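> One structure follows; several queries about it will come next.
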Amino acid sequence: MNHSRSLSRAFFDRPTLLVAEQLLGMRLVRIENGQRLSGFIIETEAYIGEEDQGCHARAGLTPRTKVMYGPPGHAYVYFTYGMHWLLNFVTEREGFPAAVLIRAVELDEGEEIVALRRNGQPRAQWTNGPAKLCQAFNIDGTWNGYDLCQPNALLYVESQSDGSPFLALSVTTTPRVGLYSVQEPWRSIAWRFVGSPLSALGKKHRAVPET
DNA sequence: AGCACGATTAACT
DNA sequence: GTTAATCGTGCTC
-6 MNHSRSLSRA FFDRPTLLVA EQLLGMRLVR IENGQRLSGF IIETEAYIGE EDQGCHARAG
54 LTPRTKVMYG PPGHAYVYFT YGMHWLLNFV TEREGFPAAV LIRAVELDEG EEIVALRRNG
114 QPRAQWTNGP AKLCQAFNID GTWNGYDLCQ PNALLYVESQ SDGSPFLALS VTTTPRVGLY
174 SVQEPWRSIA WRFVGSPLSA LGKKHRAVPE T
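In structure tokens:
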């Protein structure tokens, strides 16, 4: 594609906080039966290392966390609450467990299919949650370990051809969602990145989005 | 082998 | 704002 390019492994092979922030405005792409489904990433969270008590890797190397210990640029997809799949991207060097959770995207391509999958829901709620976007893009555990940086990948992230994001966003950081039982400082550390359209600046400002 | 728990969502009141 | 749905994971026995 002329106006875009796939993010390289080097992009993910960097400090997780940097990756989490710079993923905002990039385009998540899923090729399904030859058709493109995509959305602009607008919300992420960082999970970094065994010390991070909010990170699954706090349990060390297990069958579940194995992918996070692997090379960067792979998908870490896991199941939670008995019914939801969540999509993460592995970051940092091989051997160091870290990942970025994709919490929300703004749908770009694949409206018909997503409308079908999220039937009954208004458009604004199609992909505004980590499990919702997995449902919308039909991403489940079979994608765990998938290499986003391989040639002709069916799941990957795009930037513009010059490497910049598609959307110019103002970035707000807040504590990560749903870590109520996690000890401090991990519970409150501001490792959640929320992108808001620059055009919305000066209008409504939400200091801390509801958790 | 058994069990408590959860990086959530939708459908309630 | 509250709660049920639902099952893989990791920890304990």
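Just so you know, we're using this note's numbering here: the first sequence kicks off at -6 and counts up by one.
Heads up, the beta-carbon is just placed ideally off N, CA and C, and yes, glycines get one too.
Keep in mind it's a predicted model, so treat the numbers as computed, not measured.
1. Which term fits Met76, buried or exposed, when burial requires 16 or more other beta carbons within 10 angstroms of its beta carbon?
2. Since Gly22 and Asn137 are thought to touch, with beta carbons under 8 Å apart, how far apart are those beta carbons, to the nearest angstrom?
3. In the DSSP output, which residue or residues are listed as bridge partners for Ile132?
4. Tell me whether the segment 80 to 89 and the segment 99 to 111 touch, counting them as touching only if at least three CB pairs, one residue from each stretch, are closer than 8 Å.
5. Reducing DSSP to helix, strand and coil, say where Thr58 ends up.
6. Classify Ala52 as buried or exposed, calling it buried when 16 or more other Cβ atoms lie within 10 Å of its own Cβ.
7. For the beta strand (DSSP E) containing Val170, name the first residue and the last one.
8. State the DSSP-derived secondary structure class of Arg(-2), mapped to helix, strand or coil.
9. State the CB to CB distance for the pair Pro123 and Glu87, rounded to an integer number of angstroms; the pair is presumed to be in contact (CB under 8 Å).
10. At which residues does the alpha helix (DSSP H) containing Glu102 begin and terminate?
11. Would you kindly check if the distance between the Cβ of Gly188 and the Cβ of Leu17 is under 8 Å?
12. Are the CB atoms of Thr9 and Ala91 within a distance shorter than 8 Å?
13. Going by DSSP in three states, Gly37 sits in which element: helix, strand or coil?
14. Can you tell me whether Phe4 is helix, strand or coil according to DSSP?
15. If you reduce the DSSP assignment to three classes, tell me which class Ile24 lands in.
16. If you count every other CB in all the chains shown that lies within 10 Å of the CB of Val45, and 16 or more means buried, which is it?
17. Less than 8 Å between the C-beta atoms of Ile34 and Met19, yes or no?
18. How far does the beta strand (DSSP E) with Glu44 in it extend, from its first residue to its last?
Walking through what the data contain:
1. exposed
2. Note that residue 22 is Val in the sequence shown, not Gly. With 8 Å as the limit, Val22 and Asn137 do not qualify as a contact, their Cβ atoms being about 18 Å apart.
3. Paired residues: none, contrary to the question.
4. no
5. coil
6. Exposed is the call here.
7. Neither: Val170 is in no beta strand (DSSP E) and is coded neither H nor E.
8. strand
9. Actually they are not in contact, since the Cβ atoms of Pro123 and Glu87 sit about 25 Å apart, beyond 8 Å.
10. Counting along the chain, no alpha helix (DSSP H) covers Glu102; the unbroken beta strand (DSSP E) around it starts and ends at 91 to 102.
11. Yes, the Cβ-Cβ distance between Leu17 and Gly188 is below 8 Å.
12. Pairing Ala91 with Thr9 gives a Cβ-Cβ distance under 8 Å.
13. Note that residue 37 is Thr in the sequence shown here, rather than Gly. Looking at Thr37 - three-state DSSP - the assignment turns out to be strand.
14. If DSSP states are grouped into helix, strand and coil, Phe4 belongs with the helices.
15. Here Ile24 sits in strand by DSSP.
16. Reading off the sequence shown, one finds Asp at residue 45, where the question assumed Val. Classification of Asp45: buried, given that the 10 Å Cβ count is 16 or more.
17. Yes, the pair counts as a contact, with Cβ atoms nearer than the cut-off.
18. Unbroken run through Glu44: none, as it is neither H nor E.
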